[in-house]
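Counted from 1, the sequence shown has number 312 at position 133 by full-length UniProt numbering; the numbering is strictly sequential.
For every residue, glycine included, the Cβ atom is placed at its ideal position computed from N, Cα and C.
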Amino acid sequence: RPEGGSGHDLTEHAVLVSTGGTREPLDPVRYLGNRSSGKQGLAVAEVAAARGARVTLVAANLELPVAPGIDVVPVETALELQAEMDARAADHDVVVMVAAVADFRPADYAASKIKKTHDPADPDAAPSITLVRNPDILAGLVSARGGAASPLLVGFAAETGDETGSVLELGRAKLARKGCDLLVVNEVGAGLTFGADDTTVHVLTRGRDDAVDIGPASKRAVSEGIWDAVVASLHPAGL
Ligand code: CTP
Ligand code: CA
């Protein structure tokens with residue numbers, strides 16, 4: 180199959196993709212959220228469908244139209260996303276976690292709207308929000324899989340690089356920590372913004388020292404390259 184083309188190399192496969200960004204409610208009208216548009220995960224899902232896969236897209240607050248033929252499961256919070264991924268992963272050959280999952284959620288949910296004056300004794304006081312950790316959904320899928328090879332588990336990580344390491348070094352450490360099979364490291368920062376159309380990624384594979392570099396290119400073109408790398412992992416040369 181020519182690189183970057185759209186052959187039908189996923190026809191035998193069921194693929195589960197998460198996208199969007201979770202929202203963690205504080206009260207009926209407010210939430211903590213993030214800037215993920217869901218475009219990259221949508222492109223990953225749509226390219227898989229174009230290449231013949233049966234695709235389920237678990238979509239956290241996605242506000243974009245989805246190509247027909249893709250089964251969409253809408254969710255809001257990290258806990259809802261976890262429940263859907265946990266229930267569905269074992270029925271799929273490949274799981275790609277593109278969603279931006281909130282690492283924390285408010286410890287308490289107020290059943291009625293939080294009022295500006297929440298303490299009558301101190302009318303000008305501002306409340307504090309206590310956060311608790313959300314579960315690591317991808318790491319949970321790795322443990323639930325046990326020693327089995329299926330589903331192949333693919334993570335995504337947006338990294339800027341910092342004083343503790345380069346984008347690739349941080350990606351390698353995250354791949355080892357998560358225990359997934361592939362990690363798509365997305366270079367962010369320096370004019371590369373959330374919601375932008377062009378992106379650059381490096382695909383890391385557990386047990387391999389090399390990286391597959393893709394882009395800068397459209398999210399659609401980058402998704403073609405990601406599926407090329409996933410297919411290579413599903414069917415290693417010579418097997
Ligand atoms: N992820 C997840 N559950 C979480 C957080 C992240 O499944 N609670 C998944 C994301 O969907 C992504 C991968 O883990 O596929 C990496 O997410 P990232 O936020 O980069 O990793 P973290 O372990 O949360 O590390 P960091 O401190 O860099 O945020
Ligand atoms: Ca995180």
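Buried/exposed call for residue 238, threshold 16 Cβ in 10 Å | Taking a 10 Å sphere around the C-beta of residue 238, we find 16 or more other C-beta atoms and assign the residue as buried.
Report yes if the C-beta of residue 420 is less than 7 Å from at least one heavy atom of ligand 1; otherwise report no.
-> Because the chain spans 180 through 418 in this model, residue 420 falls outside it and cannot be assessed.
Is residue 407 helix, strand or coil when you go by DSSP?
-> Judged by DSSP in its simplified three-state form, residue 407 adopts helix.
Are the beta-carbon atoms belonging to residue 128 and residue 277 less than 8 Å from one another?
-> This structure does not reach residue 128, given that the chain is present from 180 up to 418, and the question cannot be answered.
Test item, CB below 7 Å from any non-hydrogen atom of ligand 2 | Neighbourhood of ligand 2, defined by CB distance below 7 Å to any of its heavy atoms: 280, 282, in chain order.
Please go through the same chain and pick out, in chain order, the residues whose beta-carbon is closer than 6 Å to the beta-carbon of residue 249, but skip the five residues on each side of it.
-> Within the same chain, and ignoring the five residues on either side of residue 249 in sequence, the residues whose Cβ sits closer than 6 Å to its Cβ are 224, 228, 234, 236.
What runs of the alpha helix (DSSP H), each 4 residues or longer, lie entirely inside the segment 225-299?
-> Runs found: 257-267.
CB-CB under 8 Å to residue 360, same chain, minus the five flanking residues each way: which ones, in chain order?
-> Sequence-distant partners of residue 360 (beyond 5 residues in either direction) whose C-beta falls short of 8 Å from its own C-beta, in its chain, are 331, 332, 333, 384, 385, 412.
In whole angstroms, what is the alpha-carbon distance linking residue 273 and residue 381?
-> Each residue's Cα considered, the two are about 19 Å apart.
Closer than 7 Å: residue 313 CB and nearest ligand 1 heavy atom = For residue 313, the shortest separation between its Cβ and any heavy atom of ligand 1 lies below 7 Å.
Cβ distance (whole Å) where residue 241 is taken to contact residue 212 below 8 Å = That pair is no contact at about 13 Å.
Given residue 404, which residues of its chain have a CB within under 6 Å of its CB, disregarding the five upstream and five downstream residues?
-> Taken in chain order, the residues that qualify are 393.
Excluding five sequence neighbours on each side, which residues of the same chain lie with their C-beta closer than 8 Å to the C-beta of residue 243?
-> Cβ-Cβ distances below 8 Å link residue 243 to 216, 217, 218, 221 in the same chain, with the five nearest sequence neighbours on each side left out; the list follows chain order.
For residue 310, does the count of other Cβ atoms within 10 angstroms reach 16, so buried, or fall short, so exposed?
-> With fewer than 16 neighbouring CB atoms inside 10 Å of its own CB, residue 310 falls in the exposed class.
At least one CB of chain B closer than 8 Å to the CB of residue 287: is that the case?
-> No chain B is part of this structure, which consists of one protein chain only.
Would you mind sorting residue 316 into buried or exposed? The rule is 16 or more other CB atoms within 10 Å of its CB.
-> So residue 316 counts as buried.
Is the closest heavy atom of ligand 1 to the C-beta of residue 357 under 7 Å?
-> Taking 7 Å as the cut-off, the C-beta of residue 357 counts as close to a heavy atom of ligand 1.
With DSSP as the reference, label residue 387 as helix, strand or coil.
-> Annotated three-state conformation of residue 387 is coil, per DSSP.
Go to residue 332, then tell me how far its beta strand (DSSP E) extends in each direction, as first and last residue.
-> Here the beta strand (DSSP E) through residue 332 covers 331-338.
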